[in-house]
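Novice: Protein chains in written order, with my numbering: chain F, 20 to 187; chain P, 61 to 216.
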């Protein structure tokens with residue numbers, strides 16, 4: 020069985036106002052491709068649900084994406100959830116032109132983890148496996164934990180940048 | 061087994077401050093104190109009297125294989141408006157610090173082992189205080205003073 024280390028669990032960004040939901044969706048998908056993660060939409064999203072309510076559209080999307088390292092031993096995995104409520108089309112004026120945009124509430128949740136022995140090639144109860152993890156790839160484990168931590172923060176910064184929120 | 065040791069609040073009413081500076085400063089300060097910094101939540105929405113903004117941060121430091129120090133910081137701004145290049149409004153800050161003993165669960169999860177752990181912590185009380193509790197309080201005080209200073213308040 021692969022071993023998992025949770026790095027970031029349930030970090031949230033919430034925004035209420037006008038935004039372009041299609042552009043947000045596209046930007047984030049492009050971000051994953053650029054950073055060499057698997058396309059979260061390639062084999063179908065983990066969840067996609069849309070409901071029309073009197074107050075506006077309600078959309079729920081869940082993405083699972085990953086990137087393999089060290090010939091598949093490590094898997095850097097991210098889970099992103101979108102909860103969109105009261106989504107309605109709005110018209111705003113920009114540079115003297117009227118453009119169609121969305122208005123609503125978005126809540127996004129980010130989680131990430133490092134999976135070891137992702138290819139299940141090792142027997143985790145064996146002495147060899149324990150020695151391998153403790154003495155041979157100990158530094159690599161720390162390196163990839165830091166990498167997935169940084170990638171999750173970069174992704175969150177991408178979203179904060181999109182909504183013009185505070186970022187480091 | 062966790063123990064909440066530190067709890068402080070700061071209330072800011074109708075003051076002028078620099079949210080961007082506070083936001084970036086918290087991350088730098090936590091790094092200076094040796095903590096891993098995680099932004100747990102950022103939420104914004106327009107309110108009746110101005111923008112409402114919330115931040116939640118978690119600061120985490122593994123002292124050794126047995127003890128971990130964690131701070132939960134929460135900032136809740138409301139009635140925000142821009143004042144030249146600064147921000148004006150209200151803010152409530154909450155700082156909570158706790159020690160997690162045996163955070164790697166090496167003592168085990170069953171009732172008997174947990175009782176043993178409790179006894180171990182009780183009988184090594186002064187060592188626990190020196191190694192985990194006092195540093196948590198000192199770090200908490202430093203973070204508290206830093207935040208007050210960021211809002212332009214008097215500090216010790």
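Every residue gets a Cβ at the ideal spot worked out from N, C-alpha and C, and that includes glycine.
(1) Kindly indicate the opening and closing residues of the alpha helix (DSSP H) around residue 148/P.
(2) Buried or exposed for residue 93/P, please, with buried defined as at least 16 other CB atoms from any protein chain shown within 10 angstroms of its CB.
(3) Which of helix, strand or coil does DSSP assign to residue 120/P?
(4) Assuming residue 98/P and residue 117/P are in contact, meaning their beta carbons sit under 8 Å apart, how far apart are those beta carbons, in whole angstroms?
(5) Among the candidates 168/F, 186/F, 41/F, whose CA atom is the shortest distance from the CA of residue 27/F?
(6) Tell me the DSSP bridge mates of residue 133/P?
(7) Can you find the residues in the same chain that come closer than 8 Å, C-beta to C-beta, to residue 82/P, ignoring five residues on each side of it along the sequence?
(8) Would you mind telling me which residues of chain P sit closer than 8 Å to residue 175/F, beta carbon to beta carbon, in chain order?
(9) Could you tell me whether the Cβ of residue 184/F comes closer than 8 Å to any Cβ of chain P?
(10) Name the residue from 120/P, 100/P, 76/P, 150/P whose alpha carbon lies nearest to the alpha carbon of residue 143/P.
(11) With DSSP as the reference, label residue 177/P as helix, strand or coil.
(12) Is DSSP giving residue 152/F helix, strand or coil here?
(13) Does the separation of the CB atoms of residue 148/F and residue 88/F fall below 8 Å?
(14) Find out if the Cβ-Cβ distance for the pair residue 74/P, residue 95/P is shorter than 8 Å.
(15) In the DSSP output, which residue or residues are listed as bridge partners for residue 130/F?
(16) Could you check the C-alpha separation between residue 98/F and residue 78/F for me, to the nearest Å?
(17) Determine, using beta-carbon pairs with one atom in the region 172-185 of chain P and one in the region 146-157 of chain P, whether at least three such pairs fall under 8 Å.
(18) Buried or exposed: residue 55/F, going by 16 or more other Cβ atoms within 10 Å of its Cβ?
(19) DSSP state of residue 93/P, grouped into three classes?
Specialist: According to the structure shown:
(1) Element bounds for residue 148/P: not the alpha helix (DSSP H) but the beta strand (DSSP E), 146-161.
(2) Residue 93/P comes out buried.
(3) DSSP places residue 120/P in strand when its eight states are reduced to three.
(4) About 7 Å; that satisfies the 8 Å criterion.
(5) The alpha carbon of residue 27/F has as its nearest neighbour, out of 168/F, 186/F, 41/F, the alpha carbon of 168/F.
(6) Residue 133/P pairs with 117/P, 155/P.
(7) Non-local beta-carbon contacts of residue 82/P in its own chain, meaning distances under 8 Å to residues more than five positions away in sequence, involve 135, 207, 210, 211 in chain order.
(8) The contacting residues are 99.
(9) Judged by the 8 Å Cβ criterion, residue 184/F is in contact with chain P.
(10) Taking only the C-alpha atoms, the option nearest residue 143/P is 76/P.
(11) Three-state DSSP puts residue 177/P in a helix.
(12) Three-state DSSP puts residue 152/F in a helix.
(13) Taking 8 Å as the Cβ cut-off, residue 148/F and residue 88/F do not qualify as a contacting pair.
(14) No, the pair does not count as a contact, with Cβ atoms beyond the cut-off.
(15) Under DSSP, residue 130/F takes part in a beta bridge, and its partners are 98/F.
(16) About 17 Å.
(17) These segments do not touch.
(18) With fewer than 16 other Cβ atoms inside 10 Å of its own Cβ, residue 55/F counts as exposed.
(19) It is coil, neither helix nor strand.
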